[in-house]
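Engineer:
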Amino acid sequence: MSIIFEFEKLDVYRITLDFVATADGVAERLPRGRAYLKDQIRRAANSIPANLAEGVGEFSPAEKVRFYRIARRSAVECASHLLVCRRLKLSDDEAISEGLGLLLRIVGMLTSMVKSVGARLDKNS
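Just so it is clear: in the sequence shown, position 20 is 191 by this note's numbering, and no numbers are missing.
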């Protein structure tokens, strides 16, 4: 498989896709009556790579930072949803732990990207 888009070259993007797959598995295994939580998990999870890709595709450093921050916030939202699932014993703890581990990596990488682009933005101001 060849890489076509610039964002596909980023390790953080590939990790976000791993998280989307993990989150979808957690959502799929939620018990009946939790459709609202399934939807929230899936939407927030898919928002991470989507906003990351939008940020990479931006020319404006300020807009890049804005999209990276949105992706980061979606990752933190996902962590909260997974912790709710854990507390309510709604899903397999191993999958939740895997998802949380991926999210910690994603949040750290996105934080670094925000700081890096933000520093360049501050220099040019």
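Cβ atoms here follow ideal geometry from the backbone N, Cα and C, with glycine treated the same way.
These numbers come from a predicted model, not from an experiment.
Compute the beta-carbon to beta-carbon distance between G190 and L273, rounded to the nearest angstrom, for a pair I have assumed lies under 8 Å.
Structural biologist: Walking along the sequence shown from the start, residue 190 turns up at place 19. Walking along the sequence shown from the start, residue 273 turns up at place 102. The residue you asked about is not Gly; residue 190 is Phe in the sequence shown. About 4 Å separates the Cβ atoms of F190 and L273, confirming a contact at the 8 Å cut-off.
Engineer: Could you tell me the distance, in whole angstroms, from the CA atom of F176 to the CA atom of G226?
Structural biologist: Here residue 176 refers to the residue found at position 5 when the sequence shown is read from its first residue. Here residue 226 refers to the residue found at position 55 when the sequence shown is read from its first residue. The straight-line gap from Cα to Cα measures roughly 12 Å.
Engineer: Under DSSP, the alpha helix (DSSP H) around G204 begins and ends at which residues?
Structural biologist: For the purposes of this step, residue 204 is taken as residue 33 along the sequence shown, with counting starting at 1. It is not in any alpha helix (DSSP H) - G204 carries neither H nor E in the DSSP assignment.
Engineer: What does the alpha-carbon distance come out to for the pair R200 and A246?
Structural biologist: If you number the sequence shown from 1, residue 200 lands on position 29. If you number the sequence shown from 1, residue 246 lands on position 75. Distance between the alpha carbons of R200 and A246 is about 20 Å.
Engineer: Among E229, G204 and I212, which has the Cα closest to the Cα of L271?
Structural biologist: As a first step, residue 271 must be located in the sequence shown, where it is residue number 100. When each option's Cα is compared against that of L271, the closest is I212.
Engineer: By the three-class DSSP mapping on this structure, what secondary structure does S268 have?
Structural biologist: On the sequence shown, position 97 is the one that residue 268 refers to. Looking at S268 - three-state DSSP - the assignment turns out to be helix.
Engineer: Where does L223 sit, in a helix, a strand or coil, going by DSSP?
Structural biologist: In the sequence shown, counting from the first residue as 1, residue 223 sits at position 52. If DSSP states are grouped into helix, strand and coil, L223 belongs with the helices.
Engineer: Please state whether DSSP places E229 in a helix, a strand or coil.
Structural biologist: Residue mapping note: residue 229 aligns to position 58 of the sequence shown, counting from 1. DSSP places E229 outside both helix and strand once states are collapsed to three, so it counts as coil.
Engineer: Quick check on S128: does DSSP put it in helix, strand or coil?
Structural biologist: Here the chain has residues from 172 to 296 only, and residue 128 is not among them.
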